[in-house]
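Contents: one structure, followed by commentary.
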Amino acid sequence: MRTSLHGRRPAAVLACGVALTAAMSLTAPAAVAGPAHPAAHAASGATHAASGAAHAASAHAQKPAAAGLTAVAVEAAGDGTWTVSWTGAGLRSVQVYVGADARHLGKKPAAVGRGASGAVTVSTTAQRPWVEVVPDTGKAVLTASRVLGLATATNARDIGGYRTQDGRWVKTGVVYRTNQLTLSAADAAFVGTLGITADYDLRTTGEVAAAPDVVPAGARYRQLDVIGGDVSGGIGAITTPEAAAEAMRQGEVAFVDSGSAKAAYRELFTSLARDKGASLYHCTAGKDRTGWATAVLLTVLGVDEQTVMDDYLLSNTYFLNTPAVQAQLDAMGPYREVYAPFMAVDSSYLQAGLDRVAQEYGSMEAYLTKGLGLSHGTIQQLRQRLLSPAPVPAS
0 MRTSLHGRRP AAVLACGVAL TAAMSLTAPA AVAGPAHPAA HAASGATHAA
50 SGAAHAASAH AQKPAAAGLT AVAVEAAGDG TWTVSWTGAG LRSVQVYVGA
100 DARHLGKKPA AVGRGASGAV TVSTTAQRPW VEVVPDTGKA VLTASRVLGL
150 ATATNARDIG GYRTQDGRWV KTGVVYRTNQ LTLSAADAAF VGTLGITADY
200 DLRTTGEVAA APDVVPAGAR YRQLDVIGGD VSGGIGAITT PEAAAEAMRQ
250 GEVAFVDSGS AKAAYRELFT SLARDKGASL YHCTAGKDRT GWATAVLLTV
300 LGVDEQTVMD DYLLSNTYFL NTPAVQAQLD AMGPYREVYA PFMAVDSSYL
350 QAGLDRVAQE YGSMEAYLTK GLGLSHGTIQ QLRQRLLSPA PVPAS
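Each residue of the sequence shown is one higher than the one before, starting from 0 at the first, in numbering that gives the first Met the number 0.
Put into structure tokens, the structure is as follows:
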């Protein structure tokens, strides 16, 4: 289908996917240390792992422990029930404890599972339940739902809990990524419990003015404009879904190449390496500028490529497929087909950016040092802050 988009520029489209089109035109884009459950004193450490069974499965591609858990995932199943899945080696059984937070787990297991890999269903009224999985051998794993469960920021997630290829873990509760922070009072109150001390806004000045952040209580705010210009540039020339998808791929390349993107990401990663409390960064949809930042972070921390891609694609679940976004697309009528690629993520989008890094720099670390100007010391600070040899380091 070929349609003209002139005169049909919904704000939601301009604010998320079109940001990449504009970016393209510029370049011609604390650990939560919870105590081990009393039943698990012999098993040191804990972690927040992936937020879906797909991430648990991806652990097979990672370096496994000799015996024990390699991934745990917690996913909402509806009506106050949650699916807890695990992947491991040499396990016969696991006990699953559930609580509203890391320090208040039930004294009795909510479920018992069998086998090295599997899943059980548990019930809780917690918005973001914490779950400790205690295996019959190896270390216990403390995890929470990756998704924060915010009604007004559906793509808000913790980046932690992934196993790295060398057997370490990305810490939970240290770095969060989200879509725009136009939060309800209830969501703002919940975010205020996370210990966030820094809010990095990757949006343009126009986007910020249109939808200012509800800055988390106790956090300092800083705008780091990745695009450095008007998000509406070039949208009228996009007349087919194929052209929209190509614009998204080229926008991802621009995140690697453009001067404004380099400056913004340099400041973001430098700040994340030095922050003392928890940190949060976001754009409008939480999928493009934020998705690139997260992919870079997870890659340089040592998370395997497939898991990085799986994490990136979760924005389709927590942004594109939400009722609000689907309603916006439906309201576009015959223009839906053209606009849909702007509202989505696709593996080809992220791959275009990763391929550009490989072409220009050879590795993600070289992109950080040669492209963004980070020192090796800053990269080491990032790893020290965000990685742990145990799932969650003891307090």
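For every residue, glycine included, the Cβ atom is placed at its ideal position computed from N, Cα and C.
Residue 277 versus residue 253: straight-line alpha-carbon distance, rounded
In the sequence shown, counting from the first residue as 1, residue 277 sits at position 278. In the sequence shown, counting from the first residue as 1, residue 253 sits at position 254. Approximately 28 Å, taken between the alpha carbons.
Do you know offhand how far residue 363's Cα is from residue 283's?
Locating residue 363 in the sequence shown gives position 364, where the first residue counts as 1. Locating residue 283 in the sequence shown gives position 284, where the first residue counts as 1. If you take the alpha carbons of residue 363 and residue 283, they lie about 25 Å apart.
Report the rounded CA-to-CA distance for residue 135 versus residue 192, giving the unit in angstroms.
In the sequence shown, counting from the first residue as 1, residue 135 sits at position 136. In the sequence shown, counting from the first residue as 1, residue 192 sits at position 193. Taking the straight line joining both Cα atoms gives about 33 Å.
Nearest CA to the CA of residue 297: which residue from 289, 290, 149, 307?
Position 298 of the sequence shown, counted from the first residue, corresponds to residue 297. Selected option, being the one with the closest Cα: 307.
Can you tell which of 304, 251, 242, 367 has its C-alpha closest to the C-alpha of residue 268?
In the sequence shown, the residue the question calls residue 268 occupies position 269. Of the candidates 304, 251, 242, 367, the one whose C-alpha sits nearest the C-alpha of residue 268 is 367.
Out of curiosity, what's the CA-to-CA distance linking residue 358 and residue 203?
Counting from 1 along the sequence shown, the entry for residue 358 is found at position 359. Counting from 1 along the sequence shown, the entry for residue 203 is found at position 204. Near 28 Å, if we compare the C-alpha coordinates of residue 203 and residue 358.
My assumption, with CB atoms under 8 Å, is that residue 181 sits in contact with residue 337. Please give the rounded CB distance.
Residue numbering aside, residue 181 sits at position 182 when the sequence shown is read from its first letter. Residue numbering aside, residue 337 sits at position 338 when the sequence shown is read from its first letter. Between residue 337 and residue 181 the Cβ distance is about 26 Å, and since that is not below 8 Å, they are no contact.
Go ahead and pull the three-state DSSP assignment for residue 324.
By 1-based counting over the sequence shown, the position of residue 324 is 325. Helix at residue 324.
Suppose you measure from the CA of residue 80 to the CA of residue 139; what does that come to, to the nearest Å?
Counted from its first residue, the sequence shown places residue 80 at position 81. Counted from its first residue, the sequence shown places residue 139 at position 140. Answer to the nearest angstrom: the Cα atoms are 22 Å apart.
Going by DSSP, what residue range makes up the beta strand (DSSP E) through residue 86?
Walking along the sequence shown from the start, residue 86 turns up at place 87. From DSSP, the beta strand (DSSP E) with residue 86 extends over 80-88.
Going by the CB atoms, is the gap between residue 199 and residue 279 shorter than 8 Å?
For the purposes of this step, residue 279 is identified with residue 280 of the sequence shown, where counting begins at 1. For the purposes of this step, residue 199 is identified with residue 200 of the sequence shown, where counting begins at 1. Their beta carbons are under 8 Å apart, which means residue 279 touches residue 199 by this criterion.
Of the residues 257, 70, 197, 324, which one's Cα is nearest the Cα of residue 214?
Residue mapping note: residue 214 aligns to position 215 of the sequence shown, counting from 1. Measuring from the Cα of residue 214, the nearest candidate turns out to be 197.
Tell me which residues share the same chain as residue 266 and place their Cβ nearer than 6 Å to its Cβ, disregarding the 5 neighbours each side in the sequence.
In the sequence shown, counting from the first residue as 1, residue 266 sits at position 267. Same-chain partners within the cutoff: 223.
Within the continuous alpha helix (DSSP H) that includes residue 164, where are the two ends?
Here residue 164 is taken as the residue at index 165 of the sequence shown, counted from 1. Element bounds for residue 164: n/a, residue is neither H nor E.
Can you tell me the Cα-Cα spacing of residue 301 and residue 332, whole angstroms?
Position 302 of the sequence shown, counted from the first residue, corresponds to residue 301. Position 333 of the sequence shown, counted from the first residue, corresponds to residue 332. In a straight line, the C-alpha of residue 301 is about 43 Å away from that of residue 332.
In three-state terms, what does DSSP make of residue 144?
By one-based count along the sequence shown, residue 144 stands at place 145. Of the three classes helix, strand and coil, the one that applies to residue 144 here is coil, per DSSP.
For residue 162 versus residue 236, is the C-beta distance shorter than 8 Å?
By 1-based counting over the sequence shown, the position of residue 162 is 163. By 1-based counting over the sequence shown, the position of residue 236 is 237. Contact: no.
For the alpha helix (DSSP H) that contains residue 340, what are its first and last residues?
Translated into positions along the sequence shown, residue 340 becomes position 341. It spans 335-342 - the alpha helix (DSSP H) in which residue 340 sits, taken as one unbroken run.
Beta-carbon spacing of residue 87, residue 96 below 8 Å
As a working note, residue 87 is residue 88 in the sequence shown. As a working note, residue 96 is residue 97 in the sequence shown. Against a cut-off of 8 Å, the Cβ pair of residue 96 and residue 87 comes out as no contact.
Relative to the alpha-carbon of residue 115, which residue among 66, 153, 158, 108 has its alpha-carbon at the smallest distance?
Walking along the sequence shown from the start, residue 115 turns up at place 116. When only C-alpha atoms are compared, the closest one is 66.
Roughly how many whole angstroms lie between the Cα atoms of residue 41 and residue 133?
Residue numbering aside, residue 41 sits at position 42 when the sequence shown is read from its first letter. Residue numbering aside, residue 133 sits at position 134 when the sequence shown is read from its first letter. Low confidence applies here, because residue 41 scores a pLDDT of 30, under 50, leaving its location unreliable and the question unanswered by this model.
Identify the residues that DSSP records as bridge partners of residue 120: which are they?
As a first step, residue 120 is located in the sequence shown; it is residue number 121 there, counting from the start. According to DSSP, which records beta bridges pairwise, residue 120 is partnered with 82.
Hey, out of 91, 375, 126, whose CA is closest to residue 77's CA?
On the sequence shown, position 78 is the one that residue 77 refers to. Among 91, 375, 126, the Cα nearest to that of residue 77 belongs to 126.
Considering only the alpha carbon of each residue, which of 346, 121, 137 lies closest to residue 107?
Looking up residue 107 in the sequence shown gives position 108. Looking at the Cα atoms, 121 is the closest of the given residues.
Run the CB neighbour count on residue 111, radius 10 Å, all protein chains shown included, and call it buried at 16 or more, exposed below.
On the sequence shown, position 112 is the one that residue 111 refers to. Exposed.
According to the neighbour-count rule (16 or more other Cβ atoms, all chains shown, within 10 Å of its Cβ), is residue 167 buried or exposed?
By 1-based counting over the sequence shown, the position of residue 167 is 168. Residue 167 is buried by the Cβ-count criterion.
As a quick exercise: from 90, 216, 335, 205, pick the residue whose alpha carbon is nearest that of residue 188.
Here residue 188 refers to the residue found at position 189 when the sequence shown is read from its first residue. Selected option, being the one with the closest Cα: 216.
Buried or exposed: residue 241, going by 16 or more other Cβ atoms within 10 Å of its Cβ?
Counted from its first residue, the sequence shown places residue 241 at position 242. It counts as exposed.
For residue 321, which residues of its own chain have a beta-carbon under 7 Å away from its beta-carbon, when the five flanking residues on both sides are left out?
Translated into positions along the sequence shown, residue 321 becomes position 322. Excluding positions up to five away in sequence, the list reads 153.
With 16 as the cutoff for other CB atoms within 10 Å, does residue 22 come out buried or exposed?
Residue 22 sits at position 23 when you count from the first residue of the sequence shown. The predicted position of residue 22 is uncertain, since its pLDDT is 40 and thus under 50; no value can be drawn from it.
So what does DSSP say about residue 476, is it helix, strand or coil?
Beyond the ends of the chain as shown, which are 0 and 394, falls residue 476; an answer cannot be given.
Contact under 8 Å by Cβ, residue 312 with residue 344
Locating residue 312 in the sequence shown gives position 313, counting from the first residue. Locating residue 344 in the sequence shown gives position 345, counting from the first residue. Yes, Cβ-Cβ distance for residue 312 and residue 344 is below 8 Å.
What does the Cβ neighbour count give for residue 176, buried or exposed, with the cut at 16 atoms within 10 Å?
Here residue 176 refers to the residue found at position 177 of the sequence shown. Under this definition residue 176 is a buried residue.
What's the C-alpha gap between residue 294 and residue 304?
Your numbering for residue 294 matches position 295 in the sequence shown. Your numbering for residue 304 matches position 305 in the sequence shown. Each residue's Cα considered, the two are about 9 Å apart.
Straight-line CA distance for residue 83 to residue 228?
Counting from 1 along the sequence shown, the entry for residue 83 is found at position 84. Counting from 1 along the sequence shown, the entry for residue 228 is found at position 229. In a straight line, the C-alpha of residue 83 is about 43 Å away from that of residue 228.
Distance between residue 207 and residue 329 (C-alpha atoms, nearest Å)
Within the sequence shown, the letter at position 330 stands for residue 329. Within the sequence shown, the letter at position 208 stands for residue 207. So the alpha carbons of these two residues sit roughly 26 Å apart.
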